[in-house]
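Protein chains in written order, with the working numbering: chain A, 1 to 424; chain B, 425 to 744.
Even glycine gets a Cβ: it sits at the ideal position worked out from N, Cα and C.
Please read all numbers here as calculations on a predicted model, not as lab measurements.
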Amino acid sequence: MTTLLTNARLIDPEALTETTGSLLIENGQIAALNGTTPNGATVIDCGGKCLAPGIVDLGVKIGEPGERHKESFRSAGLAAAAGGVTTIIARPDTNPSIDNPETLEFVTRRAAEASPVRIRHMAALTKGREGREMTEIGFLLDAGAIAFTDCDHVVTDTKVLSRALTYARSLGALVMGHPQEPGLSKGAATTSGKFASLRGLPGVSPMAERIGFDRDMGLVEMTGVRYHFDQITTARALPPLERAKGNGFDVTAGTSIHHLTLNEFDVGNYRTFFKVKPPLRSEDDRLATVQAVASGLIDIISSMHTPQDEESKRLPYEDAASGAVALETFLPAAMRLHHAGHLSLPQLFRAMALNPARRLGLPQGRLAVGAPADLVLFDPDAPFVLDRFKLRSKSKNTPFDGQRMEGRVLATWVAGKQVFSAEA
Amino acid sequence: MTFRARHLLGIEHLAPEEIRTVLDLAETYVDLNRRTVKHADALAGMTQINMFFEASTRTQASFELAGKRLGADVMNMSVAHSSVKKGETLIDTALTLNAMHPDLLVVRHPASGAVDLLAQKVNCAVLNAGDGRHEHPTQALLDALTIRRAKGRIQRLTVAICGDIAHSRVARSNLILLGKMENRIRLIGPPTLMPSGVADFGCELYDDMREGLKGCDVVMMLRLQKERMDGGFIPSEREYYHRYGLDAEKLSFAKEDAIVMHPGPMNRGVEIDGELADDINRSVIQDQVEMGVAVRMACMDLLARNLRAERGRQAVGVMV
Numbered sequence: 001m002t003t004l005l006t007n008a009r010l011i012d013p014e015a016l017t018e019t020t021g022s023l024l025i026e027n028g029q030i031a032a033l034n035g036t037t038p039n040g041a042t043v044i045d046c047g048g049k050c051l052a053p054g055i056v057d058l059g060v061k062i063g064e065p066g067e068r069h070k071e072s073f074r075s076a077g078l079a080a081a082a083g084g085v086t087t088i089i090a091r092p093d094t095n096p097s098i099d100n101p102e103t104l105e106f107v108t109r110r111a112a113e114a115s116p117v118r119i120r121h122m123a124a125l126t127k128g129r130e131g132r133e134m135t136e137i138g139f140l141l142d143a144g145a146i147a148f149t150d151c152d153h154v155v156t157d158t159k160v161l162s163r164a165l166t167y168a169r170s171l172g173a174l175v176m177g178h179p180q181e182p183g184l185s186k187g188a189a190t191t192s193g194k195f196a197s198l199r200g201l202p203g204v205s206p207m208a209e210r211i212g213f214d215r216d217m218g219l220v221e222m223t224g225v226r227y228h229f230d231q232i233t234t235a236r237a238l239p240p241l242e243r244a245k246g247n248g249f250d251v252t253a254g255t256s257i258h259h260l261t262l263n264e265f266d267v268g269n270y271r272t273f274f275k276v277k278p279p280l281r282s283e284d285d286r287l288a289t290v291q292a293v294a295s296g297l298i299d300i301i302s303s304m305h306t307p308q309d310e311e312s313k314r315l316p317y318e319d320a321a322s323g324a325v326a327l328e329t330f331l332p333a334a335m336r337l338h339h340a341g342h343l344s345l346p347q348l349f350r351a352m353a354l355n356p357a358r359r360l361g362l363p364q365g366r367l368a369v370g371a372p373a374d375l376v377l378f379d380p381d382a383p384f385v386l387d388r389f390k391l392r393s394k395s396k397n398t399p400f401d402g403q404r405m406e407g408r409v410l411a412t413w414v415a416g417k418q419v420f421s422a423e424a
Numbered sequence: 425m426t427f428r429a430r431h432l433l434g435i436e437h438l439a440p441e442e443i444r445t446v447l448d449l450a451e452t453y454v455d456l457n458r459r460t461v462k463h464a465d466a467l468a469g470m471t472q473i474n475m476f477f478e479a480s481t482r483t484q485a486s487f488e489l490a491g492k493r494l495g496a497d498v499m500n501m502s503v504a505h506s507s508v509k510k511g512e513t514l515i516d517t518a519l520t521l522n523a524m525h526p527d528l529l530v531v532r533h534p535a536s537g538a539v540d541l542l543a544q545k546v547n548c549a550v551l552n553a554g555d556g557r558h559e560h561p562t563q564a565l566l567d568a569l570t571i572r573r574a575k576g577r578i579q580r581l582t583v584a585i586c587g588d589i590a591h592s593r594v595a596r597s598n599l600i601l602l603g604k605m606e607n608r609i610r611l612i613g614p615p616t617l618m619p620s621g622v623a624d625f626g627c628e629l630y631d632d633m634r635e636g637l638k639g640c641d642v643v644m645m646l647r648l649q650k651e652r653m654d655g656g657f658i659p660s661e662r663e664y665y666h667r668y669g670l671d672a673e674k675l676s677f678a679k680e681d682a683i684v685m686h687p688g689p690m691n692r693g694v695e696i697d698g699e700l701a702d703d704i705n706r707s708v709i710q711d712q713v714e715m716g717v718a719v720r721m722a723c724m725d726l727l728a729r730n731l732r733a734e735r736g737r738q739a740v741g742v743m744v
């Protein structure tokens, strides 16, 4: 099947350009850019809207196994398709954790049956994410694990972590860590400061991120492992990140869309949908993080999609669960950064599609001949008011409920097959 | 007279004129409480439920007495985690109570923001009797009344708040109230017991008590909240008493007529010298207890008036 998408604003994150042109899909791949119309091709006029490589979302929580009432592969896949996310990189912080090849094979099969978008799985670095014994990294790699992480559980025993990293290094595995000093962040619900104090909430110093970063970076130097920091959210962690990259270590860093678009004051009167991990930061930290994405110092933006049901959020702030759903709001939220003039559309898709795909060794994330036809067509200016009950995720815990957003996904293709249309 | 609030959740939500309204009305209840027959009927026919998720003797007794003197039917729910232990959420507890049609709900809870959360789910007036480290509004109001009666005014005073400020909801509410009424506030304590971001509070900060007390009109001591501590905030009780315990010698650095306050219950010999606490010439600690009942009567009276007005409007279908 051949499809020609004409009259599209092509967002190219490699060349960092926006040009009007056409894109030909053939056999699930991008077959031509600005070429001729082959006979028998289905022609779709994009009406001048933006066409970009589909989002590769590194670090999505799906509730299978264990919490399917919060999110299933089906609901996550539908939400992703509607949000322009064509590849989900799922987290292993499930119940039980994805920490052995049998569980990994199970979720891989379930995901392939149920989801309209691609889902790849990360595996836990230590068994049960308990930070005591490393998982079967070799078997898990063979079974298709794309990276290894204990998610927000910091491996506190440095000896255990150094061995796991050394072992991962020998297999060339990518490890994702959560830079946080767990002693300082224990029990914290907010970032320390005047706001935390006036709300009477326990806060964590932003320095805890920097200390966690420094420790992990020391182990990266020691072991030579390929390492990705899942979320850098504070200004203080940026200079050491810059040094580490300058020194040639194989490190990359990510951040979350919420830390780029919201700050600590958004919590307001104890609104638990704004409780995420790490907690939202000061406006100064937010702006520094945005700037670091623009400069390329921070490589990847993730949704950090974390579904939570109403019961786990309708609690006093300290007791409420952390996390926010974001697959469907990822792109509209990112458009805030575009409209504010902080990041161009190609820069955004560099961080949301190209860089994560590259880091994980995937062929996605590019608008190039031969690349998989994983695409998103969107209108960056279309306004709407977000109604959380219209989200496709099983959980509705979005901080953007009731907010004015700009940016709508019009259509999504995975391997050349249309998996979402705004009209349908 | 101005008092618009539907709930009393924190001093943060009160305007200075609303604070003055509470204090003025409380004065009349101080007089009433000193009579032999202490009855008024401001809350006659109304139901007041005291729901304390955290153990309290003094505050609960004060609210109970205040409600009874105003003629309310008062019920004390001993919820100290009984239904919570059975797995019931705070919101379910609130909805259960709400179904019994209370008019005034007095709530204390160990989690900051829990009373705000509860207030969103019920249709009676909610009074915050202390939520976590957040606010304790009636304490700040009774402190303000005590100061106003002792000093003749509640503005342009220099007030020192001393001790465990980080863990204290009393300190939060007091510094918001005293700030709104345009006083000069000093926070005195070891840096480990100061809240984060304290430099942005607009207060003067001291870790030396003698230095901090110089020229103060009011010295507010805080309880050293031992039960709240993870451990290791101070080296020992005796070192704390040596450096931050209020005694006559340290008090001599404050103004000659400075008053000494404490929200109770006191740890004698930890944060305050026992003899000084009992010195009727300097200590107004017993007055605070007396003012507490009057202030709580005033708060409940005002909230009940607003509640009646709101229900009246609803009954005749006026849009609000």
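Cβ of A82 of chain A within 8 Å of Cβ of E406 of chain A? no
Assigned exposure category for H178 of chain A - 16 Cβ within 10 Å defines buried: buried
Quick one: list the residues of chain B neighbouring A188 of chain A, beta-carbon separation under 8 Å, in chain order. Ordered by position in chain B, no residue passes the 8 Å Cβ test against A188 of chain A, which lies about 10 Å from the chain.
Please classify K390 of chain A as buried or exposed, where buried requires at least 16 other C-beta atoms within 10 Å of its C-beta. exposed
If the cut-off is 9 Å on Cβ atoms, which residues from the region 298-325 of chain A count as contacting chain B, listed in chain order? E311, R314, L315, P316, Y317, E318 and D319
Can you tell me whether I298 of chain A is buried or exposed? The criterion is at least 16 other CB atoms within 10 Å of its CB, across all chains shown. buried
Taking all protein chains shown into account, decide if Q544 of chain B is buried (16 or more other Cβ within 10 angstroms of its Cβ) or exposed. exposed
For P380 of chain A, the first and last residue of its enclosing beta strand (DSSP E): L375 to V385
How big is the Cα-Cα spacing for R425 of chain A and V385 of chain A? Given that chain A is displayed from residue 1 to residue 424, the structure contains no residue 425 of chain A and the question cannot be resolved.
Please state whether the Cβ-Cβ distance between F477 of chain B and P534 of chain B is less than 8 Å. yes
In three-state DSSP terms, what is R573 of chain B? helix
What does the alpha-carbon distance come out to for the pair Q498 of chain B and Y453 of chain B? Inspection of the sequence shows that residue 498 of chain B is occupied by Val rather than by Gln. Distance between the alpha carbons of V498 of chain B and Y453 of chain B: 18 Å.
Short of 6 Å in beta carbon distance, which residues of its chain neighbour Y270 of chain A, apart from the five on each side in sequence? Order them along the chain. Y317
Going by the DSSP bridge assignment, what does M217 of chain A pair with across the sheet? Bridge partners of M217 of chain A: none, in fact.
Using a beta-carbon distance cut-off of less than 8 Å, what residues from the region 621-644 of chain B approach chain A? G621, V622, D624 and F625
Can you tell me where the beta strand (DSSP E) with L23 of chain A in it begins and where it stops? T17 to E26
Contact list for the region 521-555 of chain B against chain A, Cβ threshold 8 Å: H533, A535, S536, G537, A538, D540, L541 and D555
Please list, in chain order, the chain B residues whose beta carbon lies closer than 7 Å to that of Y270 of chain A. G537, D540 and L541
Any beta-carbon of chain B closer than 8 Å to the one on K194 of chain A? yes
Could you tell me if H259 of chain A is buried or exposed, where buried requires 16 or more neighbouring beta carbons within 10 angstroms of its beta carbon? buried
Near N691 of chain B, which residues of its chain fall below 7 Å by C-beta distance, leaving aside the five closest residues on each side in sequence? R647 and L648
Using a threshold of 8 Å, state whether the C-beta atoms of A682 of chain B and V642 of chain B are closer than that. yes
Out of curiosity, what's the CA-to-CA distance linking F427 of chain B and R215 of chain A? 55 Å
Helix, strand or coil: which one does DSSP assign to E310 of chain A? helix
C-alpha gap between V376 of chain A and G59 of chain A, whole angstroms: 20 Å
Alpha carbon to alpha carbon, what distance is there between I30 of chain A and T6 of chain A? 13 Å
Does DSSP classify L141 of chain A as helix, strand or coil? helix
Considering Cα atoms alone, identify which of B:L566, B:T616 and B:G698 is closest to V717 of chain B. B:L566
Please list the segments of the alpha helix (DSSP H) lying wholly inside the region 300-351 of chain A, counting only runs of 4 or more residues, in order along the chain. 310-313, 330-339 and 345-349
Near V583 of chain B, what residues of its chain come up, given a Cβ to Cβ distance below 6 Å and the 5 sequence neighbours on each side ignored? L602, N607, I609 and V642
Reduced DSSP secondary structure (H/G/I, E/B, other) of H259 of chain A: helix
Does any residue of chain B have a CB that is nearer than 8 Å to the CB of G203 of chain A? yes
Answer with yes or no whether the minimum CB distance from S197 of chain A to chain B is below 8 Å. yes
Per-residue burial, D632 of chain B [other beta carbons within 10 Å of its own, 16 or more giving buried]: exposed
What residues in the region 598-620 of chain B have a beta carbon less than 7 Å from any beta carbon of chain A? P619 and S620
Could you tell me whether the Cβ of H431 of chain B comes closer than 8 Å to any Cβ of chain A? no
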